Amino acid sequence: MTDSNKHDDHSLIAKSNAGSEDLNSSRKKKKKKPIYSKAVETMFRNAYRAQLDLIALAATKANIMISLNGFIVSVLLVSGSLIYENSPEFIIPTAIFLLTSAASIYFALSSATPDRPARRKK
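With the numbering used here, you'll find the sequence shown wraps up at 270, consecutive numbering, no jumps.
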């Protein structure tokens, strides 16, 4: 073999090695991309699950408040005439308690109902 043939062989080998290095580096780059996307996907999945747990907790609390305050309002309405006849000085505290329970029911209902998107006018 002549010197020019050896030089051509070395340049071809160097090019093929460079090509294989490019392939390996591109494979490494491709392998890194799914790792990041899986991590981001896991993060979103965990955040979504935590958000759903918080929403379920808030809905449960709102339902408890609605039930309890509904019971209080019904007891106060039924016993209102007895309170008025026997001890009229308790009318104002009873009315305040009744209004507070009614307001609590209103806020519990407004927090338990889902938001409706606003309609656009055409």
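Note that CB positions come from ideal geometry on N, CA and C, so glycine has one too. Keep in mind it's a predicted model, so treat the numbers as computed, not measured.
The DSSP-derived three-state label of A243 is helix. Excluding sequence positions up to five before and after L246, its CB lies within less than 6 Å of the CB of L224, all in the same chain and listed in chain order. DSSP, read as helix, strand or coil, puts K209 in helix. Assignment of D263 by DSSP, reduced to helix, strand and coil, places it in the coil class. In this structure, DSSP gives S222 a helical state, which the three-state scheme calls helix. Taking a contact as a CB-CB distance under 8 Å, the pair N217 and S252 counts as one, their CB atoms being some 5 Å apart.
Within a 10 Å sphere around the beta-carbon of A256 sit 16 or more other beta-carbons, which makes this residue buried. In this structure, V221 lies away from S258, with their beta-carbon atoms at least 7 Å apart. In the displayed model, S229 falls within a helix according to three-state DSSP. Setting aside the 5 residues that flank it on each side, I231 is surrounded in the same chain by F238, I239, T242, each with a C-beta closer than 7 Å to its C-beta; the list follows chain order. Between the alpha carbons of I203 and R264 lies a gap of roughly 16 Å.
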